[in-house]
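Following: one structure in structure tokens, then a few remarks.
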Amino acid sequence: MAVYAKTPGRAMGSAPKADAQREQWADVARGMGIIAVVAGHTFAPTSNATQWIFAFHMPLFFVLSGYFFSVRGGFKVTAARRAKALLVPYVATVAIYLIYTVLVLGRPQTIEPWVASMMYASGKEIHQFPGIEPIGPMWFLPALFAASLIAYGIERMPGSWAGKLLGIALAVAAGMAIGQYIFLPFSIDVALVVQIYLFFGLAARRQQWMDSVQRLALAKWLLLGLCAIALVVERYDVVTSLNNRDYRHFAVQVAGAIGGSVLVIWAARVIARHRPAAVPFAYIGRAAIVILCFHVVDTGYAQFNRLPGFDVVEGNLWLHIAFRIAFSLALYEAFRRLPALRWCYGLSAPRRSLSGALLRWAWR
Numbered sequence: 001m002a003v004y005a006k007t008p009g010r011a012m013g014s015a016p017k018a019d020a021q022r023e024q025w026a027d028v029a030r031g032m033g034i035i036a037v038v039a040g041h042t043f044a045p046t047s048n049a050t051q052w053i054f055a056f057h058m059p060l061f062f063v064l065s066g067y068f069f070s071v072r073g074g075f076k077v078t079a080a081r082r083a084k085a086l087l088v089p090y091v092a093t094v095a096i097y098l099i100y101t102v103l104v105l106g107r108p109q110t111i112e113p114w115v116a117s118m119m120y121a122s123g124k125e126i127h128q129f130p131g132i133e134p135i136g137p138m139w140f141l142p143a144l145f146a147a148s149l150i151a152y153g154i155e156r157m158p159g160s161w162a163g164k165l166l167g168i169a170l171a172v173a174a175g176m177a178i179g180q181y182i183f184l185p186f187s188i189d190v191a192l193v194v195q196i197y198l199f200f201g202l203a204a205r206r207q208q209w210m211d212s213v214q215r216l217a218l219a220k221w222l223l224l225g226l227c228a229i230a231l232v233v234e235r236y237d238v239v240t241s242l243n244n245r246d247y248r249h250f251a252v253q254v255a256g257a258i259g260g261s262v263l264v265i266w267a268a269r270v271i272a273r274h275r276p277a278a279v280p281f282a283y284i285g286r287a288a289i290v291i292l293c294f295h296v297v298d299t300g301y302a303q304f305n306r307l308p309g310f311d312v313v314e315g316n317l318w319l320h321i322a323f324r325i326a327f328s329l330a331l332y333e334a335f336r337r338l339p340a341l342r343w344c345y346g347l348s349a350p351r352r353s354l355s356g357a358l359l360r361w362a363w364r
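All residue numbers for the sequence shown refer to UniProt numbering, where the first residue is 1 and numbers rise by one.
Given below as structure tokens:
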């Protein structure tokens with residue numbers, strides 16, 4: 001989900017060991033993040049667990065995207081790369097839902113409402129346009145695409161970091177103001193606001209903050225403590241809600257969201273050093289874009305409630321979360337084996353059979 005660029009000058013498949021380790025922790029972090037997304041959409045909206053999850057889960061993916069953001073190749077190359085990584089899977093998912101609704105569920109649909117929802121790409125109801133339905137969790141993909149293009153413009157601004165910080169501040173202020181009146185297509189108003197998260201990730205990479213702090217035990221624990229405090233303060237004040245455009249106590253929300261993101265990234269870096277623990281999280285992280293698009297398929301599309309015993313799954317929140325992840329992973333493995341869908345979702349081809357891989361993992 002956090003789509004990142006490979007190191008400039010290095011061919012795909014020739015990663016040095018350090019880069020391989022870097023990508024491992026990033027996959028682990030994405031795995032932890034997407035599990036939080038699924039859990040947040042399964043628990044009751046007002047539950048304590050949901051409030052903790054919403055305090056950081058979407059900003060985490062913007063921070064990760066910023067960490068690996070690259071403007072190499074110019075605007076056209078950057079836009080094309082981000083469109084392939086974000087818009088192509090978005091359009092493919094909408095097409096799959098439409099085809100399934102018409103052919104499998106037998107619900108005659110006109111294409112116009114689907115096209116309108118896809119083009120607007122809002123995660124929430126739009127009061128000014130009540131006929132346009134929200135697109136669901138997939139709103140993140142067009143929003144990240146828009147945020148990437150805005151970040152490109154800010155990154156290309158001439159001058160020092162001071163000028164870029166001013167650009168970020170103006171973008172955030174504009175997004176906050178616009179979002180109080182209208183939800184823009186592709187959540188562009190949100191894309192302006194999240195520049196603060198993208199550029200935090202970008203600055204963390206360039207200044208090597210995580211590596212520097214990791215070498216200093218006292219500084220590391222002090223930073224983690226401050227991050228935890230910021231997250232707790234946010235949780236019990238006003239939780240971040242980008243999709244709802246709730247920017248009350250914005251400084252507290254940003255501090256808590258960044259604090260939570262840093263805690264997840266730190267945990268991911270620790271887990272990545274221990275292969276048995278890292279493998280399942282990294283695997284889920286690589287499937288994150290498919291999980292994002294399909295984990296709520298049971299809410300009106302796939303009629304799992306007709307299956308015997310599914311009421312037991314729905315009645316147990318942890319079973320329901322596990323089912324949603326497992327179903328999405330099954331789709332992920334199927335898509336990897338279908339060239340057209342593998343291309344649409346930017347997935348790697350399977351090197352071994354799934355059954356063999358599961359047996360080897362279980363044997364370890």
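Every residue gets a Cβ at the ideal spot worked out from N, C-alpha and C, and that includes glycine.
The shortest C-alpha to C-alpha distance from ALA251 to any of LEU222, VAL233, LYS84, VAL77 is the one to VAL233. For ILE321, the enclosing alpha helix (DSSP H) starts and ends at 317 to 336. Comparing alpha carbon positions, the residue from GLU125, LEU60, PHE183, ALA36 closest to GLY201 is LEU60.
Leaving aside the five residues that flank VAL290 on each side, the residues in its chain whose CB is nearer than 7 Å to its CB run, in chain order, SER328, LEU331, TYR332, PHE335, TYR345. Contact between the stretch 66 to 75 and the stretch 137 to 156 is present, with at least three C-beta pairs closer than 8 Å. Short of 7 Å from the beta carbon of TYR90, and not among the five residues preceding or following it, lie these beta carbons of its own chain, in chain order: MET138, LEU141, PRO142.
Less than 8 Å divides the Cβ of ILE53 from the Cβ of ALA39. SER241 is bridged by DSSP to ASP246.
When the Cα atoms are used, LEU292 and ALA217 turn out to be separated by approximately 36 Å.
In the structure shown, the three-state DSSP call for ILE53 is helix.
Burial is judged here by how many other beta carbons sit within 10 angstroms of a residue's own beta carbon; ILE284 has at least 16 and is buried.
The beta carbon of VAL37 sits closer than 6 Å to the beta carbons of HIS57 from its chain, once the five residues preceding and following it are set aside; these are given in chain order. Within its own chain, the residues whose Cβ lies closer than 8 Å to the Cβ of LEU224, once the five positions on either side in sequence are excluded, are VAL262, LEU263, TRP266, listed in chain order. Judged by their CB atoms, GLY259 and ALA287 are not nearer to each other than the 8 Å cut-off.
Taking 4 residues as the shortest admissible run, the stretch 112 to 191 contains the following complete alpha helix (DSSP H) segments, listed from N- to C-terminal end: 140 to 155, 161 to 179.
Residues ILE154, MET157 of the same chain have their beta carbon placed closer than 6 Å to that of GLY167, with the five preceding and five following residues left out of the count. Spanning the alpha carbons of GLY33 and LEU103 requires a straight line of approximately 33 Å.
In this structure, VAL172 sits near ILE196, with a CB-CB distance shorter than 8 Å. Sequence-distant Cβ neighbours of LYS164 in its own chain, meaning closer than 8 Å and more than five residues away, are ILE154, GLU155, MET157, PHE199. For the 8 Å CB-CB criterion, GLY179 and ARG273 do not form a contact. Beyond the five residues adjoining it in sequence on each side, VAL239 comes within less than 7 Å, by CB distance, of GLN51, PHE54, ALA55 in the same chain, given in chain order.
PHE186 is a Cβ neighbour of PHE145, given a cutoff of 8 Å. Take PHE294, set aside five residues on each side of it, and the residues of its chain with a beta-carbon closer than 6 Å to its own are SER328, LEU331, in chain order. Sequence-distant Cβ neighbours of THR42 in its own chain, meaning closer than 7 Å and more than five residues away, are LEU317, HIS320, ILE321, ARG324. For the stretch 64 to 91, the continuous alpha helix (DSSP H) assignments of 4+ residues that do not extend past its boundaries occur at 74 to 82, in sequence order.
Separation of LEU64 and ALA26 (C-alpha to C-alpha, rounded to the nearest whole angstrom) is 8 Å. In the three-state scheme derived from DSSP, where H, G and I count as helix and E and B as strand, ASP311 is classed as helix. The DSSP-derived three-state label of SER47 is coil.
By the criterion of a C-beta distance shorter than 8 Å, THR93 is surrounded in its chain by MET138, CYS293, PHE294, once the five residues flanking it on both sides are discounted. Taken through DSSP and simplified to helix, strand or coil, SER261 comes out as helix. Closest in alpha carbon position to TYR247, among GLY175, ALA282, LEU307, VAL270, is GLY175. One alpha carbon belongs to ALA169, the other to VAL194, and they sit about 11 Å apart.
Note that the C-beta distance between ILE126 and ILE135 is not below 8 Å. PHE281 places its beta carbon 8 Å or farther from that of GLY66.
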